[in-house]
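Undergrad: Residue numbers (the UniProt record's numbering): 1 to 230. Quick one: the structure is below, and I'll ask about it shortly.
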């Protein structure tokens with residue numbers, strides 16, 4: 001039983017890794033952009049995770065862990081920030097390769113405006129809860145920066161589609177983690193509203209995690225293209 005979280009991590013990355021050599025997507029050729037994006041984002045979210053453990057926002061059930069930890073974080077939780085982003089960037093690239101036509105291009109800015117409004121509203125009502133405050137505050141900052149500060153990279157319509165598809169494995173994986181539970185949430189630090197066993201905030205936590213990864217991935221990719229053209 002103490003291998004559950006580790007096995008979940010392996011299951012998350014297994015098929016995306018094997019299929020990375022698909023000739024149409026050719027994902028393995030993009031690892032040079034994927035790896036730095038995942039590592040930089042992973043550092044940010046590991047700091048976030050450490051803070052939340054210290055603030056008792058969430059904790060981990062030792063019955064489902066192998067017992068290896070660093071700075072108080074289980075090894076499996078650290079692997080989570082490698083396996084999940086890798087799988088989701090893979091989904092992002094697969095959708096772009098197999099379905100280049102994307103109707104969301106017409107609506108992505110409106111969706112971003114709506115999300116910024118939602119973040120602001122939830123921050124107004126839930127600012128006293130650590131998970132709610134940091135989660136929606138971080139998403140607001142990252143989303144605003146992507147749409148309005150560094151507006152040369154136009155990928156949000158592709159990101160929203162990938163996010164919607166990523167919700168399918170998200171409900172499976174996070175459903176297991178929160179139902180068993182592997183991750184134990186302190187409901188005093190969130191809105192105490194769940195979709196099944198998954199806290200409402202987790203949906204936007206996933207969005208922040210993926211948005212930062214995809215932004216950096218696209219940034220490193222665009223920079224390499226500029227170098228080739230110069």
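All residues carry an ideal CB built from backbone N, CA and C; glycine is no exception. Model, not experiment: these values are computed from the prediction.
Between the region 87 to 103 and the region 130 to 148, do at least 3 Cβ pairs fall closer than 8 Å?
TA: Taking one beta carbon from each stretch, the region 87 to 103 and the region 130 to 148 have fewer than 3 pairs nearer than 8 Å; the two do not touch.
Undergrad: Closest to residue 171 by CA distance: which of 29, 67 and 84 is it?
TA: 84
Undergrad: Is the separation between the beta-carbon of residue 36 and that of residue 220 shorter than 8 Å?
TA: yes
Undergrad: In terms of residue numbering, what span does the beta strand (DSSP E) encompassing residue 66 cover?
TA: No beta strand (DSSP E) contains residue 66, which DSSP labels as neither H nor E.
Undergrad: Report the option in 126, 94, 128 and 137 whose CA atom is closest to the CA atom of residue 115.
TA: 137
Undergrad: Pick out the complete alpha helix (DSSP H) segments inside the UniProt domain "Lycopene cyclase" (2 to 95), 4 residues or longer, and give them in chain order.
TA: 4 to 18 and 31 to 54
Undergrad: Give me whichever residues DSSP pairs with residue 183 in a beta bridge.
TA: DSSP lists 60 as partners of residue 183.
Undergrad: Label residue 146 either buried or exposed according to how many other C-beta atoms from any shown protein chain fall within 10 Å of its C-beta, with 16 as the threshold for buried.
TA: buried
Undergrad: Could you tell me if residue 57 is buried or exposed, where buried requires 16 or more neighbouring beta carbons within 10 angstroms of its beta carbon?
TA: buried
Undergrad: Return the first residue and the last residue of the alpha helix (DSSP H) that residue 223 is part of.
TA: 200 to 229
Undergrad: From the DSSP output, in three-state form, read off residue 161 for me.
TA: helix
Undergrad: Nearest-angstrom Cα distance between residue 4 and residue 12?
TA: 12 Å
Undergrad: Using a Cβ distance threshold of 8 Å, determine whether the region 150 to 167 contacts the region 177 to 184, with at least three qualifying pairs required.
TA: no
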